[in-house]
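Enquirer: Numbering (the working numbering), first residue to last: 37 to 104.
Positions of the beta carbon are idealized from the N, C-alpha and C atoms, including for glycine.
Following this message is one structure expressed as structure tokens.
Put into structure tokens, the structure is as follows:
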């Protein structure tokens, strides 16, 4: 099971590095609401709203641990 699927199944937050359409890198903490083979719909803590992220533009991913 990959990290996206695991985080979605367990409703865990993810920290991602994302390459936006304007070629800017962005670090986000997200909570996945829906996903398919190409994109995920997730609540973005930075923007404080639901956003769609293209999976092929996610450059790094880890499950966020809030206990630290």
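Are residue 46 and residue 63 touching if we call contact CB-CB under 8 Å?
Expert: No.
Enquirer: CA-CA distance, residue 77 and residue 88?
Expert: So the alpha carbons of these two residues sit roughly 5 Å apart.
Enquirer: Does the Cβ of residue 104 have 16 or more other Cβ atoms within 10 Å, making it buried, or fewer, making it exposed?
Expert: Because residue 104 carries a pLDDT of 49, less than 50, the predicted location of this residue cannot be relied on, and the following value inherits that uncertainty. Exposed.
Enquirer: How should residue 54 be labelled, buried or exposed, when 16 other C-beta atoms within 10 angstroms of its C-beta is the threshold for buried?
Expert: Label assigned to residue 54: buried.
Enquirer: Using C-beta distances below 8 Å, list every residue in its chain close to residue 39, excluding the 5 sequence neighbours before and after it, in chain order.
Expert: Within the same chain, residue 39 has close Cβ partners 50, 97, 98, 99.
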